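In mature numbering (1 follows the signal peptide of the UniProt record, and there is no 0), the protein residues as written are -19 to -1, 1 to 262. Note that the Cβ used here is the ideal one computed from N, Cα and C, for glycine as well. On a predicted model such as this, the values are computed, not experimentally measured, just so you know. The next block holds one structure in the form of structure tokens; read it before the comments.
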Amino acid sequence: MKKIIFALAVLISQFVAQAQIKTPQASPRAVLTQMVGLTEVEVNYSRPGAKGRPVFGNLVPFGKLWRTGANENTTISFSDDVIIDGKVLKKGKYALYTVPRIESWDIIFYTTTDNWGLPQEFNEVNVALRTTVKEEALSKPVESLTINIAGLDTNFAFLEIFWENSFVALKFEVPTQKTAMASIDKVLAGPTANDYYSAANFLYQSNTDLAKSLVFVNKSLELSKDKPFWFLRLKSLIQAKQGDKSGAIETAKLSLEAAEEAKNQDYVKMNKDSIAEWSKK
């Protein structure tokens, strides 16, 4: 009987440990991802509801730092540097804090993002950017806090915050022209040394076209000023696989010299082992 009771107790404890009660969050989580030009913007926040309560000036006091949401930090991330109010905000992830007032809001991008709500000690050193925007009254109240990216243009957009009867919008500019021109210049300039190396390595590894692989690795070496030891290593392997042992040895010696100078012992050993193997008659 005791064994049966013990077994039941174990089963019940395992069930309780594994069971997870699911209930809806009072402030459900929301994630917004938006491309603005060539820049990806993501907002992650919880959406509290008014639920018949007066919000600004009561639930959210005027003139006080607000988490701009509920629960853990509301965060916003940019894949590129952006311009806000003439100032540069570096690409990355930020906690989004605000200070609501009757006629204006302060918008604060804070570098520490792992706080539950507000930081225990607010530190100005962690403020990446702070600006002020005009508050506008809404004709129709909004029940749940809403953050949106709107007014999309290839070069800018607006970060919008709605709740109750308040609305604010913050313009941010993205480097679409700069990013696009950099991409255009790179493509039109042709393949890089690394591009040729990658192509040569693929053909070598797949054993599909060793002749073309050798052409590509030679091109990578032509475009590279430093003649990296791993480029030379690949060329020696291609030559050896083609049956050109003497050429492979000469190239491996160059790779060995460069690897020794770089103090890369892995490549030093690999080249020495290959030279010894290819030198056998």
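Scanning its chain for C-beta atoms nearer than 6 Å, with the 5 sequence neighbours on each side dropped, one finds around Asn107 the residues Tyr91, Thr92, Thr93, in chain order. About 27 Å separates the Cβ atoms of Arg10 and Phe43, ruling out a contact at the 8 Å cut-off.
For Asn25, the pairing in a beta bridge is given by DSSP as Val12, Thr56. Sixteen is the threshold: since fewer than 16 other Cβ atoms of the shown chains lie within 10 Å of the Cβ of Leu133, the residue is exposed. Residue environment: Ala229 is assigned as buried (16 or more neighbouring CB atoms within 10 Å of its CB, all protein chains considered). Boundaries of the beta strand (DSSP E) around Gly73: 73 to 81. CA-CA distance, Ala7 to Val149, rounds to 24 Å.
In the three-state reduction of the DSSP assignment, Thr112 falls in the strand class.
Taking 9 Å as the cut-off, the Cβ atoms of Ser60 and Tyr75 do not count as close. Taking the C-beta atoms as reference points, Glu53 is found nearer than 9 Å to Trp97. Inter-residue distance for Lys206 and Arg214 is about 16 Å (C-alpha atoms, whole angstroms).
Looking at the DSSP output, Trp47 shares a beta bridge with Thr79. Between the C-alpha atoms of Asn199 and Ala221 there is a straight-line separation of about 15 Å.
Bridge partners of Thr127 according to DSSP: Phe143.
The region 153 to 167 makes no contact with the region 184 to 195; the number of CB pairs closer than 8 Å stays below 3. Comparing C-alpha distances from Phe153 to each of Asp247, Ala192, Leu110 shows the shortest one belongs to Leu110.
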